[in-house]
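Shown next, in structure tokens, is the structure this report addresses.
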Amino acid sequence: MSEKLRPGVVTGKDYEKLVKACKAGNYALPAVNVTSSSTVNAVLEAAARNKSDVIVQVSNGGAGFYAGAAYPDGLQGKVKGAVALAQHVHLLAEGYGVCVVLHTDHANRGLLPWIDGLLAEGAKFREKNGKPLYTSHMIDLSEESLEDNVGTCADYLKKMAPLDMSLEIELGVTGGEEDGVGSEHTGADNPKLYTQPEDVAYAYEQLNPLGDFSVAASFGNVHGVYKPGNVKLRPVILKDSQKLMSERYGLEEKSLDLVFHGGSGSSDSDIKEAVSYGVFKMNVDTDLQYAYSEPVGAYVNANQNAFVAQIDPDTGKPLKSKYDPRKWVRQAEQGLGSKLDGIFSVLGSVGKSLAQD
27 MSEKLRPGVV TGKDYEKLVK ACKAGNYALP AVNVTSSSTV NAVLEAAARN
77 KSDVIVQVSN GGAGFYAGAA YPDGLQGKVK GAVALAQHVH LLAEGYGVCV
127 VLHTDHANRG LLPWIDGLLA EGAKFREKNG KPLYTSHMID LSEESLEDNV
177 GTCADYLKKM APLDMSLEIE LGVTGGEEDG VGSEHTGADN PKLYTQPEDV
227 AYAYEQLNPL GDFSVAASFG NVHGVYKPGN VKLRPVILKD SQKLMSERYG
277 LEEKSLDLVF HGGSGSSDSD IKEAVSYGVF KMNVDTDLQY AYSEPVGAYV
327 NANQNAFVAQ IDPDTGKPLK SKYDPRKWVR QAEQGLGSKL DGIFSVLGSV
377 GKSLAQD
């Protein structure tokens with residue numbers, strides 16, 4: 027029986043307990059990229075409905091959007107946007123009755139100043155509240171040499187560990203593009219899309235003494251959706267990495283905390299196989315963007331007069347009840363939530379929240 031946790035944002039040792047419970051229970055949590063209070067609320071609502079814990083994450087671009095497109099200072103806007111989003115989640119998550127992981131998505135070398143700003147804000151938040159602002163940050167230097175990638179990640183893990191934070195790294199390249207960060211590597215036979223277990227072992231040797239970390243190991247993943255045949259997922263790479271860790275370092279089975287990037291468009295069988303090898307987190311963005319947007323288009327089509335005039339030209343009646351943003355934004359939230367229902371199910375996390383009743 028897994029140890030119960032207080033509902034709300036989990037960090038530090040509670041986060042490590044949550045990850046351990048996922049792997050022991052052979053399930054994973056969806057990591058949903060959010061851009062607004064509306065998308066945050068839709069994710070929390072779906073998690074509560076499914077009695078599943080969840081990961082709320084934001085990209086650099088999403089953080090900038092949260093602050094407002096007109097915010098005058100680009101970098102500060104993205105820092106403040108990420109802070110505002112995190113404060114929103116901290117304020118509301120406990121009320122939804124589930125455990126929530128707060129995470130930032132892909133940050134390449136050019137975005138490290140954003141991470142620096144968030145670490146400074148996280149330290150201030152922790153001093154005041156006893157826990158960090160974010161559970162974890164991701165640093166994606168997968169396009170660089172293994173040594174430069176892991177060396178820089180080690181420098182940042184030394185800063186994060188004293189704040190009770192975890193670090194996510196990427197080994198190998200996830201193809202496609204995610205909110206301005208990514209790679210053109212998409213061919214099914216491109217070796218850059220497949221992480222070598224020896225690279226994982228190197229990262230473990232360098233990072234394990236420093237603090238808690240997870241690995242986004244590439245096994246053919248590509249951001250976005252794609253034509254059949256363009257991508258060949260090989261989850262067995264994850265199995266081989268776990269096996270090497272156990273044999274070389276005497277670690278227990280599924281000792282690595284693994285992350286599945288590019289979950290949108292993946293088959294249920296590939297997802298379940300990856301989870302069986304110790305994946306505790308699967309990123310989903312593209313599918314959920316569409317799930318959020320599609321109902322809005324359908325609503326507009328069904329209520330066209332309300333989006334060209336305030337008074338119905340056919341009946342002469344006011345149309346405020348139709349174009350009220352709460353109506354069509356709510357449609358979007360329900361669309362996202364409905365899609366998430368299926369993702370929670372495939373990942374096996376339904377009914378498995380560690381949050382105390």
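In the numbering used here, each residue's number is its place in the sequence shown (first place is 1) plus 26.
Using N, Cα and C, we set each Cβ at its ideal position, and we do this for glycine too.
- Remark: fewer than three beta-carbon pairs, one from each stretch, lie closer than 8 Å, so the region 44 to 55 and the region 91 to 103 are not flagged as touching.
- Distances from the alpha-carbon of L159 to those of L117, G198, G136, A50 put L117 closest.
- Looking at the DSSP output, L193 shares a beta bridge with H163, F239.
- With a beta-carbon spacing of about 5 Å, D294 and V372 fall inside the 8 Å limit used to define contacts.
- With 16 or more neighbouring CB atoms inside 10 Å of its own CB, R260 falls in the buried class.
- Take P56, set aside five residues on each side of it, and the residues of its chain with a beta-carbon closer than 7 Å to its own are V80, I81, M308, V310, L366, I369, F370, L373, in chain order.
- A contact between stretches requires three or more CB pairs, one per stretch, nearer than 8 Å, and the region 182 to 198 meets this requirement with the region 226 to 241.
- The way I'd put it, the region 62 to 72 does touch the region 115 to 130; three or more beta-carbon pairs between them come closer than 8 Å.
- Going by beta carbons, E196 and A229 fall outside the 8 Å limit.
- Taking a contact to require three or more Cβ pairs closer than 8 Å, the region 329 to 337 and the region 294 to 303 do not qualify as touching.
- With contacts defined as CB atoms closer than 8 Å, V60 and L111 qualify as a contacting pair.
- About 14 Å separates the CB atoms of Y325 and L362; that is not less than 8 Å, and the two are not in contact.
- DSSP places Q83 in the strand class (E or B) of the three-state scheme.
- In the same chain as D190, and ignoring 5 residues on each side of it, the C-beta atoms closer than 6 Å to its own belong to T37, G38, P158, in chain order.
- In this structure, the CA atom of T312 is about 16 Å from the CA atom of V66.
- Contact between A119 and V109 is absent: CB atoms are separated by about 16 Å, not below the 8 Å threshold.
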